[in-house]
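Quick notes on the structure that follows.
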Amino acid sequence: MGKTKLKLAAIIGAVILSSSTAFASLEDAKDLKIISYNVYNGMKLDESEGKQKFIDWAKMQDADIIAWQEMNFFTREKLEKFAASYGHNYAVLLKEAPDDPASFPVAITSKYPIVNVNKVVDNLWHGALYADVGKYHFVITHMNPFWTSKRIDEINLIIDSIKYSSDPQGKWIIAGDLNSFSPADKSEYDNSKLLEDIKDKQKKRPILDNLVNGQLSYTVQQNLLDAGYIDALKLKNKQFISTAPTKVFYDQASTPLRYDYIYVSPKLKDDVVDVKVLKDEFTDTYSDHYPVQMIIHNK
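Using mature numbering (1 follows the signal peptide of the UniProt record, and there is no 0), the letters of the sequence shown map in sequence onto residues -24 to -1, 1 to 275.
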């Protein structure tokens, strides 16, 4: 074989080796790091080109999968480019509405292939994105911020969609801004000014109806718990940990709140290794919500 052919063979071999080693295999991952993050109106507070500050933060986290909320002004092309910048070659956006500031789409990005995607917008305020990554079924959503009754309808729809799916007993992860209160946090809210804050807010904005008989409602979260889903943060942290507000403008209440959740199905309960709310210099100032991170054993 001539020198030219030998060089060509070496180059081809190197490319093949590089391609095979570069492909991230879910089966080879011991643990999976999953983050859910409401980024505030299309990452509005990051004014850099291409949202470089969010990219730098995501690179530091090195998560396997990120569930994003409020991805306003993104298109499929922009999301794919954004995700690739921090090592996620797979990305799915619920809906494209780059000129609609009230669209609030959710999205998922991953190191591993995202398959079996189902985009649901009917009967949901912002919608829900269903997608599988390997054997894990994700539901990414952002629930109605205005009316408790609508949020109850939305969570019942999501619960039923899993119940009547082809794998109801599988490994399900429900993540997002659920705009509702957990009964696990009731004692914290009972000793706060939250009820007064919401009443005051509703007087100023009559469109709001976030109380039931003048009291806080825990029905959305209770319905999830009654259906068998596990609040991952509470599984590993018995104390109250807020996810809002951060150190930037927040218009819901002056009281610390937990609106951002990751729920897992019973089949995943024993696989949860660690769950935390990520509070750092970046998350303090680039959204009105803090992200939630979960690490699970990949069995």
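The beta carbon of each residue, even a glycine, is placed where N, CA and C say it ideally should be.
Computed from a prediction, not measured in an experiment: that's the story for all the values here.
Where residue i falls: helix, strand or coil (DSSP)
i, result
"ILE90", "coil"
"THR(-4)", "No answer about THR(-4) holds up, because its pLDDT of 39 lies below 50 and its placement is not dependable."
"ALA67", "strand"
"VAL196", "helix"
"GLN37", "helix"
"ILE138", "helix"
"ALA73", "coil"
"LYS20", "coil"
"ALA78", "coil"
"LEU55", "helix"
"ILE183", "coil"
"PHE50", "coil"
"LEU2", "helix"
"LEU100", "coil"
Neighbour-count burial assignment, residue i, 16 or more Cβ in a 10 Å radius
i, result
"ASN48", "buried"
"MET19", "buried"
"GLU23", "exposed"
"PRO81", "buried"
"GLN197", "buried"
"THR(-4)", "With a pLDDT of 39 at THR(-4), under the threshold of 50, the modelled position of this residue cannot be trusted; read the value that follows with caution. So THR(-4) counts as exposed."
"PRO221", "buried"
"ALA78", "exposed"
"SER230", "exposed"
"GLN28", "exposed"
"THR124", "buried"
"ASN94", "exposed"
Cα-Cα separation, residue i to residue j
i, j, result
"ASP129", "TYR239", "18 angstroms"
"ARG52", "LEU254", "27 angstroms"
"ASP173", "TYR165", "11 angstroms"
"ASN92", "ASP108", "6 angstroms"
"LYS179", "ASN186", "12 angstroms"
"LEU2", "TYR88", "6 angstroms"
"SER(-6)", "TYR62", "In this prediction, SER(-6) scores a pLDDT of 41, lower than 50, which makes its location untrustworthy; the coordinate-derived value is nonetheless stated afterwards. One C-alpha to the other measures close to 18 angstroms."
"PRO232", "ASN155", "13 angstroms"
"GLY146", "ASP247", "13 angstroms"
"ASP136", "PRO74", "31 angstroms"
"LYS210", "ARG234", "11 angstroms"
"GLY110", "LYS214", "30 angstroms"
"GLN268", "SER218", "First, the residue type needs correcting, since residue 268 is Val and not Gln in the sequence shown. Those two C-alpha atoms are separated by around 10 angstroms."
"residue 281", "ILE131", "There is simply no residue 281 to check, as the chain begins at -24 and stops at 275 in what is shown."
"TYR66", "ASP176", "43 angstroms"
"ILE149", "PHE30", "24 angstroms"
"LYS57", "GLY190", "46 angstroms"
"SER142", "PHE157", "30 angstroms"
"VAL249", "LYS6", "11 angstroms"
Strand pairing of residue i, partner residues [DSSP]
i, result
"TYR106", "ASN94, VAL115"
"LEU8", "ILE272"
"TYR13", "TRP44"
"THR124", "In DSSP, THR124 forms no bridge with anything."
"GLN191", "VAL188"
"ILE84", "ALA43, VAL68"
Quiz item: Mind pulling the beta strand (DSSP E) runs of 3 or more residues that sit fully within the region 204 to 265?
Solution: 236 to 240, 248 to 253
Practice problem: Can you check the region 130 to 176 for any beta strand (DSSP E) of at least 3 residues that lies completely inside it and give the ranges in chain order? | Solution: Within the region 130 to 176, the complete beta strand (DSSP E) runs of at least 3 residues fall at 147 to 153.
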